[in-house]
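Since the structure comes first, as structure tokens, the remarks are kept for the end.
Residue numbers (our numbering), protein chains in the order written: chain A, 44 to 375; chain B, 12 to 262.
Structure below.
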């Protein structure tokens, strides 16, 4: 199919095939899961993992592919969740797709100008700006009682009907339906992002990660591409935000606090930067640990923190790095 | 006005330090120009100014008749002003092929295609292989750039500069840290690019033997100012240059 000399991908075909097969099997298993295990608790737990997996993947686009660190990436999940929640609550109709559209676009109205300011810097200053903006967002949702509900959060959000291409599937109050819908959207987002990362555009982002100055000196408008990478990351985060409101029916300021920001960062580190799929593993691990340990002690953060410290020391490239190492070990 | 690139009273100060003092340098099309001078003379600052790495404190830079002072780096690269650095600057985590491919993509366009595969940019891939052959790294195309020997990394960086379809190639000490064999290899490549492809080259170099052998003209910097300019022969005989740079005085 491919002419050997002009298309040298860094991924060998057999590995691609393996990844595709594993991915298909995993998605198929996840799709039948709610029909096999009817325990709503586990369905909801997995649902949350999908959403945070999507958020962690969006941060990986920024951190693992563009080389930009955002401390408060949950902000954009939160903003989209608030906006979508407000649309559902006060909008003309309880329309899921209207909430999705407005939630995602209105988040970009905030994210793009902020990104425009942030990409004037790089490295640590960039990271600090994400923290500064994140704290501002947090304060706004916390204090703007009339709109956001302040520290009570946004309550009384109606459950919209889920529909695909005009075909009504049922109400989002049904956890199995919401689970399947979330899985569907997340898989689509993953595939689109995977495609983008392997595109000429993705290659530009990687070159900026590798060496920003050299990227400029081969003629790349670095700020422009950083802003595009940032926007892509915020778009994906806002999709996660709409899925979040659908799943939870509630959003409060703690979802956007610095702890939440750090948690997503840990998910990416646990999963391994620069692989996209690793972010889902990281999110799954983190949420599992958080959930499991919090049933045993209310000081679960300490233990989760310790485990993350150990994992980062012994698995510096995360889960994706471990898989790479095992695979290369097998070969040679 | 026939000059390809010239500067008019170009100045750069860092705080109180005047790094480049009213430089008026004019580079003709097709010429191989070397810039020499002791350490701290302002050579690298000068080319950092003309390649847009630093904003100028005063004066102007003209390229092909238009004022390009303080344009962004990527815009200057698009005009064909391509360079290498004193300290190698390549994409260490990418393969040799991907390094050059990226630079070719940036030059030929297609970077905004977000849904197509980068392997599909046919012209980019083909010209990448041609360029790798030219710099002699085609055998190492699949290797990560970080695994290359120092000399090959320097060579790859020249490849990155060439991938921008330069109208002028600026090389900052390309032979730094290289063995004599590798130095000759670079000298041959520079000469070949200049003579066979008529590519104008600006070269900062400490290897005097190489400078004298391959340059058309030489510009000498000393303490931020241009103190002499001429053919290798003229420079070798210039009294000021001997005093300032070669450390000799007329007996």
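No residue lacks a Cβ here, since even glycine has one placed at the ideal position from N, Cα and C.
Check: Thinking just about the alpha-carbon of each residue, which of A:270, A:59, A:95 is nearest to the one in residue 228 (chain A)?
Finding: Taking the first chain and counting its residues from 1, one reaches residue 228 (chain A) at position 185. Nearest of A:270, A:59, A:95 to residue 228 (chain A), Cα basis: A:95.
Item checked: Residues of its chain near residue 20 (chain B), where Cβ-Cβ distance is below 7 angstroms and the 5 sequence neighbours each way are ignored -> The residue you call residue 20 (chain B) lines up with position 9 of the second chain. The answer, listed in chain order, is 33, 35, 69, 70.
Check: Hey, residue 196 (chain A) and residue 294 (chain A) are a contact pair by Cβ (cut 8 angstroms); roughly how many whole angstroms apart?
Finding: Working through the first chain from its first residue, we reach residue 196 (chain A) at position 153. Working through the first chain from its first residue, we reach residue 294 (chain A) at position 251. The Cβ separation is near 6 angstroms, so the contact holds.
Notebook entry, point to check: How about the segment 308-322 of chain A and the segment 89-106 of chain A: do they share at least three Cβ pairs that are nearer than 8 angstroms?
Noted result: yes
Note to self: Restricting to runs no shorter than 4 residues, where is the alpha helix (DSSP H) found entirely within the segment 166-235 of chain A?
What the structure shows: 166-186, 188-191
Check: Excluding five sequence neighbours on each side, which residues of the same chain lie with their C-beta closer than 7 angstroms to the C-beta of residue 354 (chain A)?
Finding: Along the first chain, read from residue 1 onward, the residue named residue 354 (chain A) stands at position 311. Correct list, in chain order: 313.
Note to self: Checking the sheet assignment: what are the DSSP bridge partners for residue 99 (chain A)?
What the structure shows: Here residue 99 (chain A) corresponds to residue number 56 of the first chain, with the count starting at 1. Note: residue 99 (chain A) sits in no beta bridge, so no partner.
Notebook entry, point to check: If you drop the 5 nearest sequence neighbours on each side, which residues of the same chain put their C-beta closer than 8 angstroms to that of residue 164 (chain B)?
Noted result: As a working note, residue 164 (chain B) is residue 153 in the second chain. Hits under 8 angstroms: 99, 101, 156.
Notebook entry, point to check: In terms of alpha-carbon separation, which member of A:121, A:254, A:90, A:83 lies closest to residue 300 (chain A)?
Noted result: Numbered from 1 along the first chain, position 257 holds the residue referred to as residue 300 (chain A). With distances taken between Cα atoms, residue 300 (chain A) lies closest to A:121.
Next item on the list: Measure the beta-carbon distance from residue 279 (chain A) to residue 236 (chain A) and round it to whole angstroms, keeping in mind my assumption that it falls under 8 angstroms.
Entry: As a working mapping, residue 279 (chain A) is identified with position 236 in the first chain. As a working mapping, residue 236 (chain A) is identified with position 193 in the first chain. Residue 279 (chain A) to residue 236 (chain A), Cβ: 7 angstroms. Contact.
Item checked: chain B within 8 angstroms of residue 231 (chain A), Cβ atoms only -> Translated into the one-based positions of the first chain, residue 231 (chain A) becomes position 188. So, not an interface residue.
Checklist line | Of the residues A:93, A:68, A:256, the one placed nearest residue 331 (chain A), counting alpha carbons only | finding: Here residue 331 (chain A) is taken as the residue at index 288 of the first chain, counted from 1. Among A:93, A:68, A:256, the Cα nearest to that of residue 331 (chain A) belongs to A:93.
Next item on the list: Give a yes or no on whether 8 angstroms exceeds the smallest Cβ distance from residue 226 (chain B) to chain A.
Entry: As a working note, residue 226 (chain B) is residue 215 in the second chain. It does not: the Cβ of residue 226 (chain B) has no partner Cβ on chain A nearer than 8 angstroms.
Check: Can you name the residues that DSSP bridges to residue 45 (chain B)?
Finding: Within the second chain, the letter at position 34 stands for residue 45 (chain B). B:214, B:229.
Note to self: Please confirm whether residue 175 (chain B) has its beta-carbon closer than 8 angstroms to some beta-carbon of chain A.
What the structure shows: Counted from its first residue, the second chain places residue 175 (chain B) at position 164. With 8 angstroms as the cut-off, residue 175 (chain B) counts as an interface residue toward chain A.
Check: From residue 114 (chain B) to residue 139 (chain B), what distance separates their C-alpha atoms?
Finding: To locate residue 114 (chain B), count along the second chain from 1; it is residue 103. To locate residue 139 (chain B), count along the second chain from 1; it is residue 128. Computed Cα separation, rounded: 9 angstroms.
Check: Can the beta-carbon of residue 96 (chain B) be found less than 8 angstroms from the beta-carbon of residue 183 (chain B)?
Finding: Your numbering for residue 96 (chain B) matches position 85 in the second chain. Your numbering for residue 183 (chain B) matches position 172 in the second chain. Going by C-beta atoms, residue 96 (chain B) is nearer than 8 angstroms to residue 183 (chain B).
Note to self: Against chain B, does residue 156 (chain A) count as a neighbour if the rule is that its beta carbon must be under 8 angstroms from one of theirs?
What the structure shows: Your numbering for residue 156 (chain A) matches position 113 in the first chain. So, not an interface residue.
Check: Looking at the C-beta of residue 253 (chain A), does it have a partner C-beta in chain B at a distance below 8 angstroms?
Finding: If you number the first chain from 1, residue 253 (chain A) lands on position 210. So, interface residue.
Next item on the list: Under 7 angstroms between beta-carbons, which chain A residues line up against residue 129 (chain B)? List them in chain order, please.
Entry: Indexing the second chain from 1 puts residue 129 (chain B) at position 118. Those are 241, 242, 243, 246, listed as they occur along chain A.
Notebook entry, point to check: Rounded to the nearest angstrom, how far is the Cβ of residue 162 (chain B) from that of residue 193 (chain B), given a contact under 8 angstroms?
Noted result: For the purposes of this step, residue 162 (chain B) is taken as the residue at position 151 of the second chain. For the purposes of this step, residue 193 (chain B) is taken as the residue at position 182 of the second chain. The Cβ separation is near 4 angstroms, so the contact holds.
Next item on the list: State the start and end residues of the unbroken beta strand (DSSP E) segment that holds residue 74 (chain B).
Entry: Walking along the second chain from the start, residue 74 (chain B) turns up at place 63. Run containing residue 74 (chain B): 69-74, per the beta strand (DSSP E) assignment.
Check: Listed from N- to C-terminal order along the chain, which residues in the segment 208-239 of chain A have their beta-carbon within a distance smaller than 9 angstroms of any beta-carbon of chain B?
Finding: 235, 238, 239
Notebook entry, point to check: Name the chain B residues whose beta carbon is nearer than 7 angstroms to that of residue 262 (chain A)?
Noted result: Translated into positions along the first chain, residue 262 (chain A) becomes position 219. What residue 262 (chain A) touches in chain B: 85, 88, 89, 117, 118, 175.
Check: Who are the neighbours of residue 257 (chain A) on chain B, taking C-beta pairs under 8 angstroms?
Finding: Position 214 of the first chain, counted from the start, is the residue given in the question as residue 257 (chain A). Chain B residues near residue 257 (chain A): 100, 101, 102, 171.
Note to self: Quick check on residue 85 (chain B): buried or exposed, where buried means 16 or more other Cβ atoms within 10 Å of its Cβ?
What the structure shows: Along the second chain, read from residue 1 onward, the residue named residue 85 (chain B) stands at position 74. Buried: at least 16 other Cβ atoms inside 10 Å.
Next item on the list: Use the C-beta contact count for residue 64 (chain A): other C-beta atoms within 10 angstroms, 16 or more gives buried, fewer gives exposed.
Entry: Within the first chain, numbered from 1, the residue matching residue 64 (chain A) stands at position 21. Residue 64 (chain A) is exposed by the Cβ-count criterion.
Next item on the list: Tell me whether residue 252 (chain B) is buried or exposed, calling it buried when 16 or more other Cβ atoms sit within 10 Å of its Cβ.
Entry: Taking the second chain and counting its residues from 1, the one referred to as residue 252 (chain B) is at position 241. That one is buried.
Notebook entry, point to check: From B:44, B:120, B:116, pick the residue whose C-alpha is nearest to that of residue 142 (chain B); which is it?
Noted result: Here residue 142 (chain B) corresponds to residue number 131 of the second chain, with the count starting at 1. Taking only the C-alpha atoms, the option nearest residue 142 (chain B) is B:116.
Item checked: residue 60 (chain A) classed as buried or exposed, judged by whether at least 16 other C-beta atoms fall within 10 angstroms -> On the first chain, residue 60 (chain A) is found 17 positions in, with the first residue counted as 1. Classification for residue 60 (chain A): exposed.
Notebook entry, point to check: Where do the N-terminal and C-terminal ends of the alpha helix (DSSP H) with residue 154 (chain A) fall, by residue?
Noted result: Counting from 1 along the first chain, the entry for residue 154 (chain A) is found at position 111. Its alpha helix (DSSP H) spans residues 139-161.
Next item on the list: Find the residues of chain C that neighbour residue 114 (chain B), judging by a C-beta separation of less than 7 angstroms, and give them in chain order.
Entry: Going by chain labels, chain C is absent from the structure shown, which instead holds the protein chains A and B.
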